[in-house]
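Counting in the working numbering, the sequence shown runs from 37 upward without gaps.
Every residue gets a Cβ at the ideal spot worked out from N, C-alpha and C, and that includes glycine.
I have placed the structure first, in the form of structure tokens, so that the comments after it can refer back to it.
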Amino acid sequence: MNLHQTILRRISSAANLFLLTLVLTVTMQAQSSSVDLSFNATPSRESGSVGNFVLQPDGKILILGGTFVVNGVAKNQIVRLNSDGSSDNSFNCAAC
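In structure tokens, the structure reads:
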């Protein structure tokens with residue numbers, strides 16, 4: 037085995053060790069896939085289809101689409117939910 041092959045083998049071993057460490061770290065930090073029972077948004081059957089949603093940095097959720105009825109309150113086109121799924125009543129979209 038020449039010097040070039042030895043260097044390549046060591047680089048390959050180091051890269052494999054790095055990738056293994058990265059995969060194990062990401063796997064250990066992944067959240068469980070259990071159902072969050074504290075999330076209490078209750079859309080009714082009258083709700084329109086959801087066009088899109090955006091998770092905001094503060095954990096609140098913007099839902100974009102048609103007319104929504106969330107927890108008995110009708111909302112038009114855009115609704116914002118708190119991180120627990122309750123309707124964010126402080127959100128007032130004047131253009132909606």
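Task: From 94, 116 and 93, residue whose alpha carbon lies closest to that of residue 100 - done: 116
Task: Three-state secondary structure (DSSP) of residue 88 - done: strand
Open item on the list: With H, G and I counted as helix, E and B as strand and the rest as coil, what does DSSP make of residue 48?
Closed with: helix
TODO: Drop a sphere of 10 angstroms on the beta-carbon of residue 81, count the other beta-carbons inside from all chains shown, and report buried for 16 or more, exposed for fewer.
DONE: Any reading at residue 81 is ruled out, since the residue's pLDDT is 46, under 50, leaving its predicted position unreliable.
- [ ] Give a yes or no on whether the C-beta atoms belonging to residue 118 and residue 96 are separated by under 8 Å.
- [x] yes
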